[in-house]
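Residue numbers (the numbering used here): 187 to 353.
We put the CB at the ideal spot given by N, CA and C, even for glycine.
This report concerns only the one structure given below.
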């Protein structure tokens, strides 16, 4: 199995868990935020839904001249989250699926004002900025949901809400 196929297989597996999380985001709390400096629930959920496709867009180029900036949009409805994530996964698959190992080990760069601020193999970008970053924010989202007493779905095993052995 080549590098990108291994990473995309992981993406597909993790998408199932992420979909379960996005399905329980409550419409009533999309604008809630735990702290003034934090994303709102709707911003965080939309960020989780769009990360794979957005990072794949970056990884599809050899160099990004300016990093993406701007405020994170907030989901207008909870119902849009799963379809948005599915489209994002499809976009990631489309953009990255054709890369061979040479492309995945080639150096990807981020430049700001002509200065290189980040350089790494494309595979490392996909691993760290797409996958690890995605898991981090999915974990944050689970904490936001717990703070609203939303029953949490299984991610890597039963939760206190779904455990068949809990009394």
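My guess is that residue 210 and residue 339 are in contact by the Cβ rule of under 8 Å, so how many angstroms apart are they, rounded?
6 Å
Alpha helix (DSSP H) segment containing residue 204, residue limits
189-209
Shortest alpha-carbon distance to residue 202 belongs to which of 351, 349, 341?
341
With 16 other Cβ atoms within 10 Å as the buried cut-off, status of residue 189
buried
CA nearest to the CA of residue 208, picked from 195, 269, 296:
269
Reducing DSSP to helix, strand and coil, say where residue 219 ends up.
coil
Return the chain-ordered ranges of every beta strand (DSSP E) run that is complete within the region 234-313 and spans a minimum of 3 residues.
293-298, 301-307
C-alpha distance - residue 232 paired with residue 259, whole-angstrom precision:
7 Å
For residue 306, I'd like the list of residues in its chain whose CB is within less than 8 Å of its CB, leaving aside the five on either flank, ordered along the chain.
293, 294, 314
Using a threshold of 7 Å, state whether the C-beta atoms of residue 267 and residue 235 are closer than that.
yes
Selection from 336, 248, 229 that minimises the alpha carbon distance to residue 288
248
Cβ-based neighbour list, residue 246, same chain, cut-off 6 Å, excluding 5 preceding and 5 following
281
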